[in-house]
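Residue 267 in the numbering used here sits at position 230 of the sequence shown, and the numbers go up by one each step.
First up is the structure itself, then whatever we jot down about it.
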Amino acid sequence: MAEIEVLGGGIFGLSVAYAVARRGAKVRLVDCRRIGTGASGGLTGALSPHTPDNWNDKKQFQFESLIAGADYWQEVERLSGLPSGYMQTGRLVPVNNARELDLANERVASAAEHWRGKADWQVVRADHFPGWGPQSTTGYLVHDTLTARIDPRRAIACLAAAIRASGGEIIEGGTARGADQTVICTGYEGLLDLSREFGCEVGKGVKGQSLLLQHDARDMPQIFSDGVFLIPHQDGTLAIGSTSENEWVDPASTDDKLEILYQKAMQVMPSLKSANLLCRWAGVRPRGQKRAPILGRHPSRPGVFIANGGFKIGFGVAIGVGEAMADLVVDGKNQIPKAFSVEANLT
Ligand SMILES: Cc1cc2nc3c(=O)[nH]c(=O)nc-3n(C[C@H](O)[C@H](O)[C@H](O)COP(=O)(O)OP(=O)(O)OC[C@H]3O[C@@H](n4cnc5c(N)ncnc54)[C@H](O)[C@@H]3O)c2cc1C
């Protein structure tokens, strides 16, 4: 049986290792620190789609990953005996002018076509969820029922336990040992390595900060308004995300930018002002230079594969990433959109 080594214990590495282990391969995941120390160890966990119009391969890939979520996490929770915090609770976005309202209404039909009845894109009155929801100048909100949420830290622990329960090995604080095949899922540091290796910018790290409040709205849809995400979690907390910083020095520090985000969130949902602040967090997202996932064979190293570039949707596409990489690495089948290939990101 071929031995597969996965480098990196973020959501990409864990999803790949899990998919590979479920297919019966011998897998070892190695993180040079601890699993979940990178971008995947954060607070937000929005699993949300792009708009359903102008459909393309990336949107299809993401859609398939999102609709697989309920069954996937149920199975991972069963194998691990741990909760992931997954629930498909939907999302509300305010419609702020007549042009946005026309667009929102047009997208109802696009969603019916591309989401195939698995979820809806609805335009609803702003009082549709009494006591919950952002203000809207038109009096309307978009309510998509496809969006889900997950608790990133619980999901990481749950997936790691499911890998072990499936016969996989996880090594923390270790280095690559070598195997028949290696899948490199090392987040933004991996993108910097690739950029050095190929002498061009394959991708980079974009810092983000977020915070967590004590506020129990666990069954309510998450909200995206004025660039701010409000994501209620299963455990009675609510995450607020996220800043986006191209220039940064310390990957893990929080600062005034998070304070500004907090103030914006209070404008979106003034009732949160009395909620206790539980935690502030910062991490660095891996951003491929075309903003799309970077998946596939390493262009010049036989037996080496890359899964990276989740940027702001890493958790949302992770199931698809794991399955697509297992198709390639274990079964030799390449069903990955061409635009995601490493070569397509070298230009
Ligand atoms: C503030 C913020 C909010 C976000 N919100 C969301 C959201 O709501 N929804 C969503 O879908 N996405 C969100 N994202 C994006 C998402 O978190 C990332 O896309 C995802 O976590 C990337 O996962 P990864 O496994 O590629 O990288 P990482 O999680 O960064 O993991 C990389 C791992 O590789 C390890 N590593 C590095 N070098 C080596 C080496 N040489 N050998 C072994 N191991 C190595 C690191 O220690 C690390 O554990 C957010 C990101 C941030 C920063």
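Every residue gets a Cβ at the ideal spot worked out from N, C-alpha and C, and that includes glycine.
Keep in mind the model is a prediction, meaning the values are calculated, not measured.
query                                                                                                                                                        : result
Per the DSSP calculation, Gly-333 is bridged to which residue(s)?                                                                                            : Ile-343
Over what stretch of residues does the alpha helix (DSSP H) that includes Ala-39 continue unbroken?                                                          : No alpha helix (DSSP H) contains Ala-39, which DSSP labels as neither H nor E.
Only counting the same chain, and skipping five residues up and downstream in sequence, which positions put a Cβ closer than 7 Å to that of Ala-194?         : Leu-119
Should the stretch 204 to 224 be called in touch with the stretch 344 to 364, which here means at least 3 C-beta pairs below 8 Å?                            : yes
Quick check on DSSP: helix, strand or coil for Gly-245?                                                                                                      : strand
Any chance the stretch 308 to 322 sits against the stretch 246 to 265, with 3 or more Cβ pairs inside 8 Å?                                                   : yes
If we count the other Cβ atoms within 10 Å of its Cβ and call it buried at 16 or more, is Gln-97 buried or exposed?                                          : exposed
Any heavy atom of ligand 3 inside 7 Å of the beta-carbon of Thr-223?                                                                                         : In terms of ligand content, the structure shown lacks ligand 3 and carries ligand 1 instead.
Mapping the DSSP letters down to three states, classify Lys-370 as helix, strand or coil.                                                                    : coil
For Ile-104, tell me which candidate among Thr-126, Asn-91 and Ser-117 has the shortest Cα-Cα distance.                                                      : Thr-126
Less than 7 Å separating the Cβ of Asn-283 from some heavy atom of ligand 1?                                                                                 : no
Exposed or buried, what is Asp-368 when buried is set at 16 or more other beta-carbons lying within 10 Å of its beta-carbon?                                 : exposed
Return the residue from the list Arg-65, Asp-94, Ala-381 and Gly-353 that minimises the CA-CA distance to Glu-238.                                           : Ala-381
When the Cα of Tyr-37 is compared with those of Arg-201, Ala-76 and Val-354, which residue comes out closest?                                                : Since the first and last residues shown for the chain are 38 and 384, residue 37 lies out of range.
Measure the alpha-carbon distance for Ile-187 versus Thr-81 and round it to whole angstroms.                                                                 : 8 Å
Taking Phe-342 as the reference, which of Asn-371, Ala-197 and Gly-176 has the closest Cα?                                                                   : Asn-371
When the cut-off is 8 Å and only beta carbons count, does His-87 lie next to chain C?                                                                        : No chain C appears in this structure, which consists of one protein chain only.
Using alpha carbons as the reference points, say which of Val-64, Leu-250 and Leu-51 lies closest to Ala-39.                                                 : Val-64
Below 8 Å on the Cβ atoms is my guess for Arg-128 versus Asp-94; work out the distance and round it to an integer in Å.                                      : At roughly 23 Å, the Cβ-Cβ gap does not stay under 8 Å, so Arg-128 and Asp-94 are not in contact.
Which two residues bound the contiguous alpha helix (DSSP H) that contains Lys-301?                                                                          : 293 to 305
Can you tell me where the alpha helix (DSSP H) with Lys-63 in it begins and where it stops?                                                                  : Taken as a continuous stretch (DSSP letters only), Lys-63 belongs to no alpha helix (DSSP H), being part of the beta strand (DSSP E) at 63 to 68.
In its own chain, which residues sit with a C-beta less than 6 Å from the C-beta of Trp-285, not counting the 5 before and 5 after it?                       : Lys-244
Please give me, in chain order, every unbroken run of the beta strand (DSSP E) with length at least 3 that falls completely inside the stretch 139 to 225.   : 158 to 162, 177 to 181, 206 to 209 and 218 to 221
Less than 7 Å between the CB of Glu-226 and some heavy atom of ligand 1, yes or no?                                                                          : yes
Between Pro-288 and ligand 1, is the CB less than 7 Å from at least one heavy atom?                                                                          : no
Tell me the DSSP secondary structure of Ile-277 in three-state form.                                                                                         : strand
Could you check if Arg-324 is buried or exposed, using at least 16 other CB atoms within 10 Å of its CB as the buried criterion?                             : buried
My understanding is that Arg-115 touches Ser-203, with C-beta atoms under 8 Å, so please give their C-beta distance in whole angstroms.                      : Contact flag wrong, Cβ pair sits at about 11 Å.
Tell me which residues share the same chain as Leu-84 and place their Cβ nearer than 7 Å to its Cβ, disregarding the 5 neighbours each side in the sequence. : Leu-103, Gly-106, Thr-184, Ala-185, Arg-186, Ile-187, Phe-352 and Gly-353
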